[in-house]
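S.K.:
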Amino acid sequence: MNILVTGGAGYIGSNLVDQLVGSGHTVSVLDDLSTGKRSNLSKSINNIDFIEGSILDEEVVRREVGRVELVYHLAAAVGVGNIVAQPLQSIITNSRGTENVLDACFKSEAQVVVASTSEIYGKSAKLPMCEDDDRVLGSTRINRWSYSTAKALDEHLAFAYAEQGLAMSIIRYFNSYGPRIDEKGYGSVVANFLRQALANEPLTVHGSGEQTRCFTYVEDSVRGTILAASTPAAKSGVFNIGNNVEMTINDLAKMIIAATNSSSTIQHISHDERYGAGFEDTKRRVPDMNRAKTVLGYEPLTDFATGLNKTIAWWTSNLS
Ligand code: UDP
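For the sequence shown, our numbering gives the first residue as 667, with consecutive numbering after it.
Laid out in structure tokens, this is it:
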């Protein structure tokens with residue numbers, strides 16, 4: 667198949683590209699290298715068409731989408747740190763950029779998989795989080811929720827285009843980690859803790875550290891992504907792509923210190939200290955995996971200890 671991956675130089679995107687190239691597809695990548703990196707594509711660069719450009723550039727989007735049958739739309743402004751630091755650019759990229767991609771897919775009759783996020787559920791206390799649950803967000807004065815809101819608009823747009831005939835499916839990633847995770851930690855507590863642990867610096871746990879997340883190894887995130895495109899019954903559907911093993915951030919910090927043999931200590935800092943006054947966090951986040959299992963045949967295959975060791979091995983041979 668001829669496939670376009672927007673955001674294909676990013677952490678999940680580049681892992682997806684390697685997998686698609688390995689399966690014999692003809693792959694092009696559109697990425698503005700804002701958080702993605704050329705080096706993420708080193709394995710596949712000779713076998714893909716790389717276009718450095720933005721999803722905000724309608725002409726480029728229309729041209730590149732017009733060349734393919736399937737688009738994986740992963741390009742986005744990501745990471746809580748980035749969103750609160752640059753809310754305007756993030757909102758524009760995540761709303762207008764996706765509108766461009768969906769419109770181009772619709773007009774050229776390309777199938778699209780839209781990458782969304784567990785942030786959609788906001789701070790909902792209903793667990794596990796099912797795809798059709800209510801969303802619970804805070805005030806619009808709190809920048810964090812602009813990400814959830816923009817991504818929700820993307821999902822609404824995708825559903826609306828689907829009613830007009832667009833072949834699409836939506837996936838919601840839950841806290842993905844693995845090789846090529848951004849070392850600055852723009853989108854991940856795992857990256858921050860690894861960087862700190864490997865430098866024997868204190869691990870900065872925000873708040874009490876009793877908030878929880880379920881971490882998904884990148885190979886599992888990628889497999890779920892591909893299944894969302896290849897499963898006919900996934901059409902017009904939305905799916906959690908994660909796993910349901912819940913972990914506190916305190917336990918995550920301890921595990922990372924142990925797995926890296928680090929002499930780091932754990933330092934608790936307030937969310938306000940890290941993200942500015944008035945920040946709101948999600949206390950617990952656990953996906954309901956029934957729909958992904960039933961419709962896509964998706965199950966996470968890598969447990970956290972194994973995935974963490976693979977990530978550490980990649981980090982130490984590529985970044986340290
Ligand atoms: N967190 C932390 N230390 C860090 C980075 C994040 O304690 O250096 C916390 C963060 O406040 C949140 C959780 O870890 O409660 C997950 O944060 P992340 O930014 O990875 O993703 P989120 O699930 O919040 O989108």
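For each residue, glycine too, the CB sits at the ideal point set by N, CA and C.
1) Tell me Pro953's beta-bridge partners as DSSP assigns them.
2) When you compare each of His691, Thr759, Ala816 and Pro753 to Asp723 by their alpha carbons, which one comes out closest?
3) If you measure from the CB of Ser874, is any heavy atom of the ligand UDP nearer than 6 Å?
4) Under a three-way DSSP split, which group does Ile721 fall into?
5) How is Asp947 classed by DSSP in three states: helix, strand or coil?
6) What is the residue span of the beta strand (DSSP E) that Ile669 lies within?
7) Between Tyr813 and Ile749, is the Cβ-Cβ spacing less than 7 Å?
8) Which class does Ala781 belong to by DSSP, given the choice of helix, strand or coil?
9) Within its chain, find whatever has a CB closer than 7 Å to the CB of Val824; leave out the 5 residues flanking it on each side and keep chain order.
10) Output the boundary residues of the alpha helix (DSSP H) element that contains Gly684.
11) When the Cβ atoms of the stretch 900-918 are set against those of the stretch 860-880, are three or more pairs found closer than 8 Å?
12) Would you list the one or two residues that DSSP bridges to Ser761?
13) Exposed or buried, which one is Lys792 when buried takes at least 16 other CB atoms within 10 Å?
M.R.: For this structure:
1) Position 287 of the sequence shown, counted from the first residue, corresponds to residue 953. Its beta-bridge partners are Met795.
2) Start at 1 with the first residue of the sequence shown, and residue 723 comes out as number 57. Ranked by Cα distance from Asp723, the first of His691, Thr759, Ala816 and Pro753 is Thr759.
3) One-based indexing of the sequence shown puts residue 874 at position 208. No, Cβ of Ser874 sits at least 6 Å from all heavy atoms of the ligand UDP.
4) Here the question's residue 721 lines up with position 55 in the sequence shown. Coil.
5) Taking the sequence shown and counting its residues from 1, the one referred to as residue 947 is at position 281. Asp947 falls in the coil class under three-state DSSP.
6) Within the sequence shown, numbered from 1, the residue matching residue 669 stands at position 3. From DSSP, the beta strand (DSSP E) with Ile669 extends over Asn668 to Thr672.
7) If you number the sequence shown from 1, residue 813 lands on position 147. If you number the sequence shown from 1, residue 749 lands on position 83. Yes; because the gap between Cβ atoms is below 7 Å, this pair is in contact.
8) Position 115 of the sequence shown, counting from 1, holds the residue named residue 781. Ala781: strand per DSSP, three-state reduction.
9) Numbered from 1 along the sequence shown, position 158 holds the residue referred to as residue 824. Here residue 824 turns out to be Ala, not Val, going by the sequence shown. Result list for Ala824: Leu768, Val780, Met834 and Ile836, in chain order.
10) Walking along the sequence shown from the start, residue 684 turns up at place 18. For clarity, residue 684 is Asp in the given sequence; the question names Gly instead. Annotation for Asp684: the continuous alpha helix (DSSP H) segment containing it runs Tyr677 to Gly688.
11) Taking 8 Å as the limit for Cβ pairs, the verdict is that the stretch 860-880 does touch the stretch 900-918.
12) Looking up residue 761 in the sequence shown gives position 95. As DSSP reads the structure, Ser761 sits in no beta bridge.
13) As a first step, residue 792 is located in the sequence shown; it is residue number 126 there, counting from the start. With fewer than 16 neighbouring CB atoms inside 10 Å of its own CB, Lys792 falls in the exposed class.
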